[in-house]
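S.K.: My structure is below; once you've seen it, I'll send some questions.
Numbering (my numbering), first residue to last: 5 to 603.
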């Protein structure tokens, strides 16, 4: 059977070598024949004799209207710098589609695939028997009508976007106004046809940190590259919009859109798995995606957008780079999160936050090496509870910043009070877990000013950062180096749970690796936990860092850590976290807590 044909017209002196090479490289994959002609008149004669599945022509030739008379779909390709009015003239002359340079291979291949597949169906119909011809012709005509309608709608959408200036200036995507208009249209269509559609709400993880640390130019270029990957990951008929900041939305319409939403979200997630190259440096981010389906999840466009946003937040909270569908349970959790945020505002105002201190001991002799300050909440209904689970659900960065400020100030003040008493308390270093939200350039003077005001010597304050921060795509080296230069020690909390690279560890001024409690809990189970801890200890030694094992609950775990030459440990075996008033007594009478640590 005859193959579909793609006809490339290289008239008007246009340099289409790159496009020709792109088509040549894909013609075997999509099984079509590529024909070329450098003369417009010769191309017209050949198309009149033998119509093709698709003709690709420069604007000068397509705008004459002569090519439309060949009954061949025309894809107009325009070189860089072509004015926007060229698209309108091309459509008016009968062009089926329009593509401006630079050419994205994924988009070119998608367009070629649509038209060659259409001609392939036509050729199949011609080769089959007369008894089936009428049925297939009707199906083909229906497909042609649908395709023609889709092309016409796309023409109108593009012309309308140009007329109303509804494109995002930075990325070229549809902006909020265009999205809301298209969303209202999608709701009306779904109601009329009793159909459904899906909305994907996307948010870049740690974009604010990238923007603040690496600069707005890098942030803007990252948004442009993200937009390009989004366009390449979805169909040409799908709507991709930027709401503002680092928030994007993908609207999936058409048959089966709702059922395909998860597959599209996974494709987008994979598209963002590799790093972005900006100004010669590698920047990594991930995309948290929330999905809502109309009419299942909302009664109107505004409600659907809100619920997709809520699902996105849930995805970000559970695992950065995750995908979550909206649900009634999620809606209930959103309401609970709002209540918790309200309660935490009240907790700050009513001075309900408290510090408790978890001992850190030496593995070799179970002597005290320091304390970690833990944040607790004197909850009016639940009593004294750890604050971390509440902070994990907090979406208000301003409130989180205020809580972190309070915690750091309280820790530094307590350290100063203990130093003033003299004796063993004066030699007690303190550490505190540092929220990733505070790892910004402006945090350095705030922390160092606190330490100087409280007259803390070098090495007396240790800040713990989560391991995920090391792979978040943010260049935190300068921030952590400034802190280290100011006498602040840096520890990596829960090491082994995340995916930090050895390169990141090597270039950061780290003093301590805190082994995640899951490895310690598995000691003695025979699943390789001992070997993993041994490897982490050797890694730390190679980079001149000490090692602390978290979650030590039993004497046999401590005995194994001692054979592995681990430096420090924390956990239930050291005793429960202490109120500040109980620490002096703990220093004077540690035997009640430390007895029986060694089997």
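Backbone N, C-alpha and C define an ideal beta-carbon position, used for all residues, glycine too.
With respect to the alpha helix (DSSP H) encompassing residue 568, which residues constitute its N-terminal and C-terminal limits?
M.R.: Counting from 1 along the chain shown, the entry for residue 568 is found at position 564. Unbroken run through residue 568: none, as it is neither H nor E.
S.K.: Quick check: is the beta carbon of residue 536 nearer than 8 Å to any beta carbon in chain B?
M.R.: Included in the structure is just one protein chain, with no chain B present.
S.K.: Quickly, what does DSSP pair residue 284 with across the bridge? List them, please.
M.R.: Against the chain shown, residue 284 aligns to sequence position 280. None; residue 284 has no bridge partner.
S.K.: DSSP three-state label for residue 365, please.
M.R.: Working through the chain shown from its first residue, we reach residue 365 at position 361. Strand, per DSSP.
S.K.: Quick check on residue 437: buried or exposed, where buried means 16 or more other Cβ atoms within 10 Å of its Cβ?
M.R.: As a working mapping, residue 437 is identified with position 433 in the chain shown. Buried, since its Cβ has 16 or more Cβ neighbours within 10 Å.
S.K.: Do you know whose CA, among 102, 56, 201, lies nearest residue 263's CA?
M.R.: Along the chain shown, one-based indexing puts residue 263 at 259. Considering only alpha carbons, the answer is 201.
S.K.: Could you pull out every residue in the same chain whose Cβ sits closer than 7 Å to the Cβ of residue 524, ignoring the five residues on either side in sequence?
M.R.: As a working mapping, residue 524 is identified with position 520 in the chain shown. Excluding sequence neighbours, residue 524 sits near 553, 554, 555, 556, 561.
S.K.: To the nearest angstrom, report how far apart residue 575 and residue 588 are at their CA atoms.
M.R.: Position 571 of the chain shown, counted from the first residue, corresponds to residue 575. Position 584 of the chain shown, counted from the first residue, corresponds to residue 588. For residue 575 and residue 588, the distance between alpha carbons rounds to 19 Å.
S.K.: Across the stretch 95–109 and the stretch 58–74, are there enough close Cβ pairs to call them in contact, namely three or more that are closer than 8 Å?
M.R.: yes
S.K.: Taking the continuous beta strand (DSSP E) assigned at residue 550, which residues delimit it?
M.R.: Along the chain shown, read from residue 1 onward, the residue named residue 550 stands at position 546. Element bounds for residue 550: 550–553.
S.K.: Express the C-alpha separation of residue 234 and residue 275 in angstroms, rounding to a whole number.
M.R.: What you label residue 275 is simply residue 271 of the chain shown in a count that begins at 1. What you label residue 234 is simply residue 230 of the chain shown in a count that begins at 1. So the two alpha carbons sit approximately 8 Å from each other.
S.K.: Sorted by chain position, which residues of the same chain lie with C-beta nearer than 7 Å to residue 422's C-beta, five sequence neighbours on each side aside?
M.R.: The sequence position of residue 422 within the chain shown is 418, counting from 1. These residues qualify, in order along the chain: 429, 430, 432.
S.K.: List in chain order: all unbroken alpha helix (DSSP H) runs of 4+ residues lying wholly within the stretch 25–71.
M.R.: Fully enclosed alpha helix (DSSP H) runs of no fewer than 4 residues occupy 44–53, 63–66 of the stretch 25–71, in order along the chain.
S.K.: Across the stretch 238–256 and the stretch 189–205, are there enough close Cβ pairs to call them in contact, namely three or more that are closer than 8 Å?
M.R.: yes
S.K.: Would you mind reading off the limits of the alpha helix (DSSP H) that contains residue 124?
M.R.: For this step, residue 124 is matched to residue 120 along the chain shown. Segment 109–131, the alpha helix (DSSP H) holding residue 124.
S.K.: Can you check which of these residues, 292, 490, 306, is closest to residue 319 by C-alpha distance?
M.R.: Here residue 319 refers to the residue found at position 315 of the chain shown. Of the candidates 292, 490, 306, the one whose C-alpha sits nearest the C-alpha of residue 319 is 292.
S.K.: Answer yes or no: do residue 551 and residue 570 have a C-beta to C-beta separation smaller than 8 Å?
M.R.: For the purposes of this step, residue 551 is identified with residue 547 of the chain shown, where counting begins at 1. For the purposes of this step, residue 570 is identified with residue 566 of the chain shown, where counting begins at 1. Taking 8 Å as the cut-off, the beta carbon of residue 551 is found closer than this to the beta carbon of residue 570.
S.K.: Could you check whether the stretch 449–457 touches the stretch 378–396, counting it as contact only if at least three pairs of C-beta atoms, one from each stretch, sit closer than 8 Å?
M.R.: The count of Cβ pairs closer than 8 Å, one atom from the stretch 449–457 and one from the stretch 378–396, stays below three, leaving the stretches out of contact.
S.K.: Where does the unbroken beta strand (DSSP E) through residue 207 begin, and where does it stop?
M.R.: Taking the first residue of the chain shown as position 1, residue 207 is located at position 203. First-last of the beta strand (DSSP E) with residue 207: 201–208.
S.K.: With burial defined as no fewer than 16 other Cβ atoms inside 10 Å of the residue's Cβ, what is the status of residue 360: buried or exposed?
M.R.: The sequence position of residue 360 within the chain shown is 356, counting from 1. Classification for residue 360: buried.
S.K.: Going along the chain, which residues of its own chain have a beta-carbon closer than 6 Å to the beta-carbon of residue 229, five neighbours each way excluded?
M.R.: Numbered from 1 along the chain shown, position 225 holds the residue referred to as residue 229. Same-chain partners within the cutoff: 280.
S.K.: Considering only the beta carbon of each residue, do residue 491 and residue 462 sit closer than 8 Å?
M.R.: In the chain shown, residue 491 corresponds to position 487, counting from 1. In the chain shown, residue 462 corresponds to position 458, counting from 1. When the beta-carbon positions are compared, residue 491 and residue 462 come within less than 8 Å of each other.
S.K.: Measure the C-alpha to C-alpha separation of residue 307 and residue 246 and round it to an integer number of angstroms.
M.R.: The residue you call residue 307 lines up with position 303 of the chain shown. The residue you call residue 246 lines up with position 242 of the chain shown. Spanning the two alpha carbons is a distance of roughly 18 Å.
S.K.: Rounding to the nearest angstrom, what Cα-Cα distance links residue 197 and residue 259 in this structure?
M.R.: The sequence position of residue 197 within the chain shown is 193, counting from 1. The sequence position of residue 259 within the chain shown is 255, counting from 1. When rounded, the distance between both Cα atoms is 11 Å.
S.K.: Can you list, in chain order, the residues of its chain whose CB lies under 8 Å from that of residue 547, leaving out five sequence neighbours each side?
M.R.: Position 543 of the chain shown, counting from 1, holds the residue named residue 547. Cβ within range, chain order: 509, 510, 514.
S.K.: Near residue 269, what residues of its chain come up, given a Cβ to Cβ distance below 7 Å and the 5 sequence neighbours on each side ignored?
M.R.: Within the chain shown, numbered from 1, the residue matching residue 269 stands at position 265. The residues are 204, 293, 295, 327.
S.K.: Below 7 Å CB to CB, which residues in the same chain sit around residue 403 once its five sequence neighbours on both sides are set aside?
M.R.: As a position in the chain shown, residue 403 is number 399, starting the count at 1. So the qualifying residues of the chain are 345, 348, 349.
S.K.: Sorted by chain position, which residues of the same chain lie with C-beta nearer than 6 Å to residue 493's C-beta, five sequence neighbours on each side aside?
M.R.: Reading the chain shown from its first residue, position 489 is the one you call residue 493. Here the set comprises 463, 466, 515.
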